[in-house]
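Notes for the one structure printed next.
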Amino acid sequence: MKNAVSAGVVYFVLVFGVGFLLGLVRFMIGGPLGTVGSAQALEIPILLVLCWVAAGWLVQKFDVPAKVTHRLVMGSVAFVLLLIAGLTVSVYGYGQGILGYLAAYATLWGGVGLALQFAVAFFPMIRA
């Protein structure tokens, strides 16, 4: 189980790092052009593919057993850390409160982002 937790932490670091960089590019390019939604629509497939590849690579690198429980732990660790990191960035980076953070999930792109985080959580279970 230790391998699954370690893999989940590294998975989070990779996913959050790539997502953070893509988000910076989105705001730097899409923001001034007023096309943040379009930029985000392009960002999502890239992030999904990278997360899919990362999940498979980490499952092998950390030798996470093919048992559902182990893979679920890996994905859950990454998912919970993503939620905590998102809340932290929202509160300290953007000055929003917890309610503002939660309210963002009620928007179109917030809902898409949450769905993406759920996909990230389940990728380790469906990777061979």
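In our numbering, the protein residues as written are 1470 to 1597.
The beta carbon of each residue, even a glycine, is placed where N, CA and C say it ideally should be.
N- and C-terminal bounds of the alpha helix (DSSP H) containing residue i
i: Gln1586; result: 1577 to 1595
i: Phe1489; result: 1471 to 1494
i: Tyr1570; result: 1567 to 1573
Nearest candidate by alpha-carbon position, reference residue i, set the options
i: Ala1476; options: Val1560, Gln1509, Ile1513, Gln1529; result: Gln1529
i: Ala1510; options: Gly1492, Ala1524, Arg1540, Gly1486; result: Gly1492
i: Phe1481; options: Met1470, His1539, Cys1520; result: Cys1520
i: Phe1489; options: Val1546, Ser1559, Leu1577; result: Ser1559
i: Leu1483; options: Pro1514, Trp1526, Asn1472, Gly1582; result: Trp1526
i: Val1537; options: Ala1590, Arg1495, Gly1562; result: Ala1590
i: Glu1512; options: Arg1596, Ile1595, Gly1582, Met1594; result: Gly1582
i: Ile1515; options: Ile1595, Met1543, Arg1495, Tyr1570; result: Arg1495
i: Ile1595; options: Gly1579, Ala1575, Gly1564, Leu1541; result: Leu1541
Status (buried if at least 16 other CB within 10 Å, exposed otherwise) for residue i
i: Met1497; result: exposed
i: Met1470; result: exposed
i: Leu1577; result: exposed
i: Gly1566; result: exposed
i: Gly1562; result: exposed
i: Val1522; result: exposed
i: Pro1593; result: buried
Every unbroken alpha helix (DSSP H) inside the stretch 1527 to 1561 [4 residues or more]
1537 to 1557
So, do the stretch 1576 to 1588 and the stretch 1546 to 1558 have three or more beta carbon pairs nearer to each other than 8 Å?
yes
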